[in-house]
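For the sequence shown, the positions run 4 to 190 when our numbering is used.
C-beta atoms are modelled at their ideal positions from N, C-alpha and C, and glycine is treated no differently.
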Amino acid sequence: EDGPSPDTDNIAFDLTRNYSSPWNTFLLNFLLCEFQLRCTSETWPIRKEDDYVEEILRERYKRLRTLWKNAQPKLTTKGVLETPAEHETRLLEESRRLGKESRQATRRRNHIVVMKSEAPDDDDLRSWKWLQRLINTLGEHGMSSEESSVENGIENVLRVKKLEWRKNIDKELEIVDLQRILDKDIF
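As structure tokens, this is what we get:
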């Protein structure tokens, strides 16, 4: 498929295709070169390998494409495309649902940590206060959703990214979740 090459002043991905299409591959390579050029010109203290940056760019593209695909009008149960009003309603409801789930998880964790950090006879007071600061710093957007969803017969599976610069705090958050189970009479 011959066509105009990407305009480097106005980069736009072809979201109808995956990252390995010629157009998107060119753009991802262009972004990789720009990133490494900036890294060198600004003398960043740490330089990442091309493979590492390339993988991050690919994952970001996949996420962008998934968001774009989910934002496209879907077929209704009658087999016709959603109207603009139905489309907007679906997107708003999904956004509210995800926000509610995130807020509920954050509130549960905060509630446990606040209770434990205010308990005067708790031997682990310093640890609970540290966990409280950690969760407040992360906020509701610092924790990922634990649920996947199925819509129009397509299952969305959420994957946890393991980034080398990110500290693994799974054990700490599991302590909070376990305490919620142990103190189930409170919840």
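Taking only runs of the alpha helix (DSSP H) that begin and end inside the stretch 42 to 112, which ones reach a length of at least 4 residues, in chain order?
Counting only runs of at least 4 residues, the stretch 42 to 112 fully encloses the following alpha helix (DSSP H) elements, listed from N- to C-terminal order: 53 to 73.
How about N27 and R20: are their beta carbons less than 8 Å apart?
yes
What's the C-alpha gap between T86 and I138?
41 Å
When we look at the beta-carbon of L101 and count the other beta-carbons within 10 Å, is it buried (16 or more) or exposed?
exposed
Please work out which residues of its chain come closer than 7 Å, Cβ to Cβ, to F38, disregarding the five sequence neighbours upstream and downstream, and give them in chain order.
V56
Cβ atoms of L78 and L70: under 8 Å apart, would you say?
no
Have a look at F16, L185 and V179 and flag the residue whose alpha-carbon is nearest the alpha-carbon of R61.
F16
Is it true that the CB of L35 sits closer than 8 Å to the CB of D53?
Contact flag set, yes.
Using three-state DSSP, classify L30 as helix, strand or coil.
helix
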